[in-house]
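In the numbering used here, the protein residues as written are 2 to 93.
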Ligand SMILES: [Zn+2]
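This is the structure:
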């Protein structure tokens, strides 16, 4: 497996247009018009919600709920053709 991902440098493709749903872009890697694949990962807001719930006195299990809620997580867009990372939509 070739290492395509470069840590700390995410290619920018009209980031303003990225949301938490698939968008159509021209992939800079394979030059194809593709609809992005979206993967959700835990972001800063997820941790803040977790901390907030914890401080409010919820049991340990409840403060992990934000990690299961896509609305609170960062959306990573990848090319559906070549799998390149096109950009990351962050909540904050
Ligand atoms: Zn591509």
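A virtual CB, placed ideally from N, CA and C, is assigned to each residue, including glycine.
Residue i, DSSP secondary structure in three states
{"i": "residue 19", "result": "coil"}
Cβ-heavy atom distance, residue i to ligand 1, below 7 Å
{"i": "residue 31", "result": "yes"}
{"i": "residue 24", "result": "no"}
{"i": "residue 34", "result": "no"}
{"i": "residue 80", "result": "yes"}
{"i": "residue 85", "result": "yes"}
{"i": "residue 50", "result": "no"}
Own chain, CB closer than 6 Å to residue i, minus 5 neighbours either side, in chain order
{"i": "residue 84", "result": "none"}
{"i": "residue 38", "result": "79, 81"}
Residues of its chain near residue i, where Cβ-Cβ distance is below 7 Å and the 5 sequence neighbours each way are ignored
{"i": "residue 40", "result": "77, 79"}
{"i": "residue 20", "result": "90"}
{"i": "residue 22", "result": "39"}
Beta carbon of residue i nearer than 8 Å to that of residue j
{"i": "residue 87", "j": "residue 36", "result": "no"}
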